[in-house]
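2 protein chains.
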Amino acid sequence: VSSPSGTARRGATALVAHSGGPTAVINASLLGVVEEARRQAEIGSVWGAVDGVQGMLSGTFLDLLAQPEGTLNAVAHTPASALGTSRLQVGQPELEQILQKFRAHDIRYFFYTGGNGSMGTANQLAAMARDAGIELSVIGIPKTIDNDLAETDHSPGYATAARFQACAVRDIGADNRALPGQVEIVEALGRNAGWLAAATALARHREDDPPHLIYLPENPLPLPRLLDDVDRVFQRLNRCVVTVCEGQLDEHGEPFGADVRPGSRASLAMNLGHRLAMLITQRLKIRARSEKPGLLGRVSLAERSARDWEEARLCGQMAVRVACEGAHGAMVTLVREPGIEYSVSTRLVTLERVAHIERPVPAAWIGPAGNDVTSEFYSYAEPLVGPIAYHEQLEWRPASARP
Amino acid sequence: VSSPSGTARRGATALVAHSGGPTAVINASLLGVVEEARRQAEIGSVWGAVDGVQGMLSGTFLDLLAQPEGTLNAVAHTPASALGTSRLQVGQPELEQILQKFRAHDIRYFFYTGGNGSMGTANQLAAMARDAGIELSVIGIPKTIDNDLAETDHSPGYATAARFQACAVRDIGADNRALPGQVEIVEALGRNAGWLAAATALARHREDDPPHLIYLPENPLPLPRLLDDVDRVFQRLNRCVVTVCEGQLDEHGEPFGADVRPGSRASLAMNLGHRLAMLITQRLKIRARSEKPGLLGRVSLAERSARDWEEARLCGQMAVRVACEGAHGAMVTLVREPGIEYSVSTRLVTLERVAHIERPVPAAWIGPAGNDVTSEFYSYAEPLVGPIAYHEQLEWRPASARP
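Here the protein sequences come in this chain order: A and B.
Residue numbering for the first sequence follows our numbering, beginning at 30 and increasing consecutively.
Residue numbering for the second sequence follows our numbering, beginning at 30 and increasing consecutively.
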């Protein structure tokens, strides 16, 4: 029988950990795990790994059932990982060390909140436990602002980040319209998948609303093509707002001469928007600047999607429920139900089917010229991101001189 | 007698125009002008110049009393200038052309919403009208996110931008804490005055909360000093959030090798944060990145200060009221009343006293080491910016293995 709270319950120990970049709703998934675990007689303790795999390696765990009343609920409404997370790449030796820690602490359930790389780690850990005859249920909880996890309709974290990005483009577009004569490059997060850049299309309400150009990293972007596109828009409107992904590459697979993060793949440029603004200024002689909200785009709760928060929580809850029902080696997915009204249910997919797989924006949702999005993308994204409020404008009622 | 609405009223024509960079609350000042003008029998028509001085030069005016019911109220809650604005520098010939337009349209009241440069233009125009015997009341309405206008306690637009910047630093700091091991440079708007950078101090709630370092452009920043400061914080906390202004210069008066906007003064760097992150990575071998919300910081309403919006509206109203009472050649100022509860009143200052004068953060409000802020700054800024919500954190309750 489960007791409502406290650490003196019977039952197995469950561990929850975060991995990779934080999101604005990952703490809602944490709440979901803890609140469902309280309901499950099989689980006696819920621990959180401090700083992700780092805490798993060192055995640094918090007792989440010992948190004061209300703290977890309050924390669930804060962005960035409350447990701490990590980008540390772990191999076989580290995973063995982690398994030893799990064994030493008799951890029977492991909930790993992350993206496709983390699901690869989870998959490996599950296989090693099975091979060693260790009883361990590993369940993945999807999390990524990039929305590039396979097999799930979308990932918790995406909708809020997409909302931030779309509102940012709308607002920077309002500035660009009020003070015309320049080109604005708005850099969106996203390395190889353009889901966030694509979502800025939702900022449009009227003809010629920003963004005027959207480029997705799914397709290379030759510089002359960019310059032509920008010039055409600018000549017509005397303003231009461009959405690009931080991971956008040119036709040679290079980031337009941008600085890349030391030691990283070329696709993680640090100043892509700035480089493009400089190139536009130099080649087209048009004043251009760039804005890079950057990490603010993944942690700001200013434009939280309520649906995103609820779904993040749901994924945490379901992970615990299915684990207690005997599932293992699987990730929770969100499935969009058919029908006019948006609704989702959750299912499970084996970890192998999501591990290390990046889901790009489907080609059919990208415009015929290889950039921008089609109506299919709007239909997909709108229910997630929610309506982006329209900024009312003055009507064109010219003054006539008094008689 | 004034009629409640419509264009068929008797009375003089008033013109309102915007100048310089938009803010998130400049349209509240526009609403204030129009609603007060409706109450004043002296004013029969209220026109808005399209795109600031550009519309004044070409005679492109909107009839603001002809806007549909509700439009102006809705527009007042949108960011960026609804009329359009301009950075065009005007000299004697253009001002004469503008005066001719004013005369041709019998414009008797001119309300100019802008910063210290715009107040210079307004002052010049007022003097020329007086010299030419043209009846024209010129009243300035303060507006600048930079908060560098003299003679006023603060400027409408500042508090909302400051709030955005402080929340951004808090949230990026949460990300930095959750995924430690790197330095975050957050670039704030502000060329020569550090008011916005200073306001990020309000993000702090507990010891070692971000921002860990704040630099103000009032003082030069030698690169070795920056590196020392960052290294010290990072060695202690394994994380570090730094606020810098886009206008920060080193001890040689140079922007750390950043690209400067073509044709602009060296102090308008385009990628200062990125340059500093690169220098930190290269010299300290610490992973560093930079975020540049940029113009989003002046147009986002996500963190609007309600007080800011109300005061912007009040300044618009008062400009019209004092003009109808016979004032001219003056700017409306906000005066903080003594007392425990925050309250403001408005006064007037002659345009000469604010024209082209930049008000820096007072030296006494800057920390003894030449950076960061003192308690006097907190006392000044908190009532304007409002409380910045604290992100609840998990308590440190380590898990112990089950017996």
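Idealized CB from N, CA, C, for every residue including glycine.
Beta-carbon spacing of residue i, residue j below 8 Å
i	j	result
residue 168 of chain B	residue 378 of chain B	no
residue 271 of chain A	residue 201 of chain A	no
residue 246 of chain A	residue 280 of chain A	no
residue 334 of chain A	residue 414 of chain A	yes
residue 122 of chain A	residue 344 of chain A	no
residue 101 of chain B	residue 60 of chain B	yes
residue 53 of chain A	residue 173 of chain A	no
residue 277 of chain A	residue 229 of chain A	no
residue 58 of chain A	residue 142 of chain A	yes
residue 326 of chain B	residue 274 of chain B	no
residue 62 of chain A	residue 348 of chain A	yes
residue 235 of chain B	residue 332 of chain B	no
residue 78 of chain A	residue 44 of chain A	yes
residue 212 of chain B	residue 263 of chain B	yes
Distance, residue j Cα to residue i Cα
i	j	result
residue 239 of chain B	residue 108 of chain A	15 Å
residue 354 of chain A	residue 70 of chain A	11 Å
residue 412 of chain A	residue 181 of chain A	15 Å
residue 203 of chain A	residue 179 of chain B	28 Å
residue 233 of chain B	residue 420 of chain B	10 Å
residue 304 of chain B	residue 350 of chain B	48 Å
residue 144 of chain A	residue 372 of chain A	23 Å
residue 337 of chain A	residue 346 of chain A	14 Å
residue 49 of chain A	residue 153 of chain B	58 Å
residue 31 of chain A	residue 96 of chain A	With a pLDDT of 39 at residue 31 of chain A, under the threshold of 50, the predicted position of this residue should be treated as unreliable, though the coordinate-derived value follows. Computed Cα separation, rounded: 17 Å.
residue 291 of chain A	residue 314 of chain B	10 Å
residue 135 of chain B	residue 155 of chain B	15 Å
residue 283 of chain A	residue 114 of chain B	38 Å
residue 130 of chain B	residue 425 of chain A	20 Å
residue 160 of chain B	residue 128 of chain B	12 Å
residue 33 of chain A	residue 380 of chain A	Here residue 33 of chain A scores only 42 on pLDDT, less than 50, and its place in the model should not be relied on; the value that follows carries that caveat. Each residue's Cα considered, the two are about 32 Å apart.
residue 418 of chain B	residue 39 of chain B	50 Å
residue 369 of chain B	residue 403 of chain B	19 Å
residue 243 of chain A	residue 72 of chain B	46 Å
residue 166 of chain A	residue 374 of chain A	22 Å
Residue i versus the options, residue with shortest Cα-Cα distance
i	options	result
residue 226 of chain A	A:302, A:237, A:204, A:207	A:302
residue 328 of chain A	A:51, A:335, A:46, A:368	A:51
residue 147 of chain A	A:429, A:359, A:374, A:420	A:359
residue 268 of chain A	A:233, A:316, A:369	A:316
residue 163 of chain A	A:132, A:150, A:286, A:58	A:132
residue 261 of chain B	B:416, B:77, B:237, B:275	B:237
residue 393 of chain A	A:401, A:381, A:418	A:401
residue 116 of chain A	A:150, A:94, A:91, A:93	A:150
residue 42 of chain A	A:64, A:138, A:65	A:138
residue 198 of chain B	B:184, B:216, B:211, B:207	B:216
residue 221 of chain B	B:410, B:312, B:418, B:385	B:385
residue 321 of chain A	A:252, A:177, A:211, A:299	A:299
residue 104 of chain A	A:342, A:395, A:119	A:342
residue 330 of chain B	B:64, B:106, B:94, B:376	B:106
Three-state secondary structure (DSSP) of residue i
i	result
residue 47 of chain B	strand
residue 257 of chain B	helix
residue 376 of chain B	strand
residue 11 of chain A	Any property of residue 11 of chain A remains undetermined from this structure, which presents chain A solely from 30 to 432.
residue 150 of chain A	helix
residue 337 of chain A	helix
residue 35 of chain A	Reliability of the predicted coordinates at residue 35 of chain A is poor, the pLDDT of 44 falling under 50, and the value obtained from them is presented with this limitation in mind. Residue 35 of chain A: coil per DSSP, three-state reduction.
residue 310 of chain A	helix
residue 181 of chain A	coil
residue 141 of chain B	strand
residue 324 of chain A	coil
residue 429 of chain A	coil
residue 30 of chain A	Low confidence applies to residue 30 of chain A: its pLDDT is 34, below 50, so where it sits in the model is not reliable enough to give any reading.
residue 85 of chain B	helix
residue 55 of chain A	helix
residue 288 of chain B	coil
residue 345 of chain A	helix
residue 412 of chain A	helix
Closer than 7 Å: residue i CB and nearest the ligand FAD heavy atom
i	result
residue 71 of chain A	Among the components modelled here there is no ligand, and therefore nothing to report on the ligand FAD.
(request) Could you tell me whether the segment 252 to 264 of chain B touches the segment 307 to 317 of chain B, where touching means 3 or more Cβ pairs closer than 8 Å? (result) yes
(request) Decide yes or no for the touch test of the segment 364 to 374 of chain B against the segment 69 to 89 of chain B: beta carbon pairs closer than 8 Å, at least 3 of them. (result) no
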